[in-house]
Amino acid sequence: MCGMNTKQYNIVVDKFADSVYRFILSNIKDEFLAQDIVQDSFEKLWLNHENIEFDKAKSFLFKTAYNRMIDNLRHIKVVNEAGKEFLLNTNIQYNQNEQMELSQILNLALLKLNETQRAVVLLRDYEGYTYEEISEITGLSESQVKVYIFRARQNLKNFLVSYKEIIR
Amino acid sequence: MKKINLNNYPKYWIDFLDGKLSHDLENELFDFLEKHPGISSELCDPDFPVIVPNNTISYDYKNELISENISSHLLISKLENILHDEQLKLLDDKISKDKNLTEEFDLYSKTLIKPNLKIKYPLKNELKKGSVFVKYEKLFYAFAATISIIFITQFYLGYIKKELMDNYREIQTITAGLNSVESSNKTEDPRHTAENNNLTQDKNDKAQVNTNVSKKIKDDIDLPEYVNEKNISGKSEFLENLATIEISTIENPINYNITTNDFYEFENSNKEEILFTVEIVKTPKKSKIKNALNTAQDFVQRINLGEKYSNLKLAKENLMLAILE
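Residue numbers (numbering that gives the first Met the number 0), protein chains in the order written: chain S, 0 to 167; chain R, 0 to 324.
In structure tokens, the structure reads:
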């Protein structure tokens with residue numbers, strides 16, 4: 000097995016730090032926590048860089064970041080749920096009389112998904128990962144990934160329909 | 000060893016009814032029943048309870064449910080790009096014919112989430128390993144690029160300025176050259192010799208001579224203070240004139256904009272009241288400058304400006320010195 004040298008590691012930082020950060024931030028909506036998770040993930044990558052191939056670095060990073068995120072979410076779940084509901088309701092009420100962009104509505108809809116559905120659909124849409132890759136990152140079976148994505152899409156679609164009805 | 004006994008025979012009997020019993024166990028079960036006729040008659044009793052499903056009961060919304068699920072599943076599969084060609088073709092056909100399905104697919108299409116690329120990880124440099132240069136490589140490049148741009152800009156501006164100054168100097172050189180030609184001509188031409196004598200003799204002449212040589216180029220050229228710039232802005236209408244020479248009288252400061260052809264009309268003006276201005280509005284062709292300046296100097300000599308002519312020469316020399324410094 001041929002690991003990465005320092006230069007390759009720095010290339011990985013340049014290439015993937017933003018995308019890992021975006022993925023985590025979209026999941027947890029907490030900039031500082033997202034930054035911590037990204038930093039931890041890269042630290043772990045650096046500690047193991049001699050054993051991780053350059054081509055596998057992205058997958059390793061996302062997997063590490065995903066696991067860190069899940070660990071953190073377990074601790075803050077109660078707060079998160081309350082905040083999520085508050086944020087969701089506030090945004091819907093606030094924007095009832097305004098035309099929101101689709102991306103904004105989808106961001107709200109993401110809050111309605113459970114953490115696994117949200118994570119898999121973001122990995123799929125943000126990074127274009129295959130079901131197999133998502134399965135490797137999340138530790139779910141490929142069939143489970145498919146089911147989660149299927150349900151996430153249904154929920155997102157239903158939210159779009161209900162949002163239209165609310166502002167109508 | 001026999002597997003079927005008095006304790007477990009019901010299990011094997013049910014498996015037999017379900018068709019799940021192997022051939023060997025089936026033979027063993029029949030052997031067992033033969034040995035125990037009481038059990039056999041009990042199991043074969045027509046009153047033995049058997050639950051028969053009620054096939055008349057059905058779920059009323061089954062069709063709708065199936066249709067909905069299949070549609071959603073297929074629409075999402077199409078969105079996920081995991082359908083086979085034939086499936087995709089059939090579905091596309093169905094979507095094109097069904098307005099509701101089209102709207103449904105349109106809604107699903109909107110569930111694709113695009114990343115916000117404006118979001119950047121702010122501490123990327125701190126993640127990098129290696130020397131300070133490696134960590135802040137991009138900053139170094141940005142700094143180097145900025146310095147380069149500054150140097151290039153300075154150089155380019157300097158070059159432009161030099162070009163402009165060279166142009167300016169060229170005009171003055173022509174002027175100076177003409178002066179020297181004039182001087183040499185004067186020695187040959189008796190008329191000029193006489194005028195030169197007049198110039199040196201008439202030292203108390205009160206008229207003013209003011210020479211302004213301007214060129215409509217960049218404002219940032221350091222023009223000598225005796226170069227009159229105030230008229231430049233008003234000369235845009237003469238941009239197409241190759242050379243414009245202005246002459247005005249002290250009483251009438253409004254300049255007459257004349258061409259070299261009209262020059263001699265001023266010959267009869269009161270010498271002491273003439274304010275002499277040579278102004279080149281635009282960089283003209285060299286031959287035209289020569290013509291203009293020749294005419295101007297010829298005029299100055301013809302009207303016998305005396306010391307004023309010396310002042311004109313002195314002003315030009317000073318101008319040259321100022322430029323060459």
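Built from N, CA and C at the ideal position, the CB exists for glycine as well.
Does Leu107(S) pass the burial test, meaning 16 or more other C-beta atoms within 10 Å, or should it be called exposed?
buried
Taking all protein chains shown into account, do 16 or more other C-beta atoms lie within 10 angstroms of the C-beta of Val12(S), making it buried, or fewer, making it exposed?
buried
7 Å Cβ shell around His48(S) - same chain, five flanking residues per side excluded:
Gly2, Met3, Tyr8
Would you say Arg73(S) lies against chain R (beta-carbon separation less than 7 Å)?
no
Could you name the residues of the segment 110-126 of chain R whose beta carbon sits closer than 9 Å to any beta carbon of chain S, in the order they occur along the chain?
Thr110, Leu111, Ile112, Lys113, Pro114, Asn115, Leu116, Ile118, Lys119, Tyr120, Pro121, Leu122, Lys123, Asn124, Glu125, Leu126
So, is the C-beta of Glu63(R) closer than 7 Å to a C-beta in chain S?
Residue placement at Glu63(R) cannot be trusted, given a pLDDT of 47 that sits under 50; what the coordinates show is reported in the next sentence. Cβ-Cβ to chain S under 7 Å: no for Glu63(R).
Which residues in chain S sit within 7 Å of Ser71(R), going by Cβ to Cβ distance?
Gln153
Find the nearest neighbour of Glu100(S) within the set Leu28(R), Lys109(R), Ser40(R), judged by alpha-carbon distance.
Lys109(R)
Kindly list, in the order they appear in chain S, the residues whose Cβ is closer than 7 Å to that of Ile75(R).
Phe149, Arg152
Counting only beta-carbon separations shorter than 7 Å, does Lys2(R) have a partner in chain S?
no
Using the C-alpha atoms, what's the distance from Pro121(R) back to Tyr107(R)?
34 Å
Quick one: list the residues of chain R neighbouring Arg67(S), beta-carbon separation under 9 Å, in chain order.
None at all; the shortest Cβ gap to chain R is about 15 Å.
My output table needs one value for Asn211(R): the three-state DSSP class, helix, strand or coil.
Interpretation of Asn211(R) is limited by its pLDDT of 36, a score under 50 that renders its predicted location unreliable; the figure taken from the coordinates is listed afterwards. Asn211(R) falls in the coil class under three-state DSSP.
Using only the alpha-carbon positions, how far apart do Asp97(R) and Thr129(S) sit?
30 Å
Do Ser39(R) and Leu32(R) have their CB atoms nearer than 7 Å?
yes
Below 6 Å CB to CB, which residues in the same chain sit around Ile136(S) once its five sequence neighbours on both sides are set aside?
Phe61, Lys62, Tyr65
With a threshold of 6 Å (Cβ to nearest heavy atom), would Ser40(S) be considered close to the ligand PLP?
As far as ligands go, the structure on display features none, and thus does not contain the ligand PLP.
Proximal chain R residues relative to Asp124(S), where beta-carbon distance stays under 8 Å
Leu111, Ile112, Lys113, Pro114
Against chain R, with Cβ distances strictly below 7 Å, would Tyr128(S) count as a contact?
no
Length of the line joining the Cα atoms of Phe31(S) and Val37(S)
10 Å
If we ignore side chains and look at the alpha-carbon of each, how far apart do Asp124(S) and Asn53(R) end up?
47 Å
7 Å is my cut-off, CB to CB: does Lys19(R) come that close to chain S?
no
Contact check, Asn154(S) vs Leu112(S), beta carbons under 7 Å:
yes
Would you grab the beta carbon distance between Ile75(R) and Phe149(S) for me? Rounded to a whole angstrom, and I think it's under 8 Å.
6 Å
What span of residues does the alpha helix (DSSP H) with Tyr120(R) cover, start to end?
Element bounds for Tyr120(R): n/a, residue is neither H nor E.
Best match in Asn7(R), Asp91(R), His35(R) for proximity to Glu103(R) [C-alpha to C-alpha]
Asp91(R)
Less than 7 Å separating the beta-carbons of Gln103(S) and Tyr147(S)?
no
Leaving out five residues before and five after Glu141(S) in sequence, what residues of the same chain have Cβ atoms less than 7 Å from its Cβ?
Tyr130, Glu131, Ser134
Of the residues that make up the segment 88-111 of chain R, which ones have a beta carbon closer than 7 Å to any beta carbon in chain S?
Leu106, Tyr107, Lys109, Thr110, Leu111
Which word fits Val160(S), buried or exposed, when buried means at least 16 other C-beta atoms lie within 10 angstroms of its C-beta?
exposed
For the alpha helix (DSSP H) that contains Asn80(R), what are its first and last residues?
Where Asn80(R) is concerned, there is no enclosing alpha helix (DSSP H), given that its DSSP letter is neither H nor E.
Rounding to the nearest angstrom, what Cα-Cα distance links Gly18(R) and Pro36(R) in this structure?
22 Å
Give the residues of chain R in contact with Ser102(S), contact being defined as C-beta atoms less than 9 Å apart.
Ile112, Lys113, Asn115
State the Cα-Cα distance for the pair Leu139(S) and Asp23(R), rounded to the nearest angstrom.
42 Å
Three-state secondary structure (DSSP) at Lys109(R)?
coil
Closest Cβ-Cβ distance between Lys128(R) and chain S: below 7 Å?
yes
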